[in-house]
Amino acid sequence: MNAQELKAKTPDELREQLVALKKEAFNLRFQQATGQLENTARMRAVRRDVARIKTVLNAKAAEAAK
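By the count of our numbering, the sequence shown reaches residue 133 at its end, each step adding exactly one.
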């Protein structure tokens, strides 16, 4: 997922995707704690995707406030 794809989405779609990614991050943390996590790079990718979505949401909110 890249920033251009995210900018094309509505804020509601972005919030839904944010919730899904946060759930995935939670599950990945549990897998790591129990020693079941195989792809540790996925944690980093999810964390960065969450940050990317938050950045786009903040940019859209700032743009709407103008």
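Here a beta-carbon is modelled for each residue, glycine too, at the ideal position from N, C-alpha and C.
Note to self: Taking contact to mean 3 or more Cβ pairs, one atom from each stretch, closer than 8 Å, check whether the stretch 124 to 131 and the stretch 87 to 97 are in contact.
What the structure shows: Result no; under three Cβ-Cβ pairs closer than 8 Å.
Check: If we count the other Cβ atoms within 10 Å of its Cβ and call it buried at 16 or more, is D116 buried or exposed?
Finding: Start at 1 with the first residue of the sequence shown, and residue 116 comes out as number 49. Buried, since its Cβ has 16 or more Cβ neighbours within 10 Å.
Next item on the list: State the Cα-Cα distance for the pair A132 and A70, rounded to the nearest angstrom.
Entry: Numbered from its first residue, the sequence shown carries residue 132 at position 65. Numbered from its first residue, the sequence shown carries residue 70 at position 3. About 21 Å.
Note to self: Can you list, in chain order, the residues of its chain with a C-beta nearer than 8 Å to that of R96? Leave out the 5 residues immediately preceding and following it.
What the structure shows: Within the sequence shown, the letter at position 29 stands for residue 96. Cβ within range, chain order: M110.
Checklist line | Length of the line joining the Cα atoms of K74 and R114 | finding: Within the sequence shown, the letter at position 7 stands for residue 74. Within the sequence shown, the letter at position 47 stands for residue 114. Cα-Cα distance, rounded: 18 Å.
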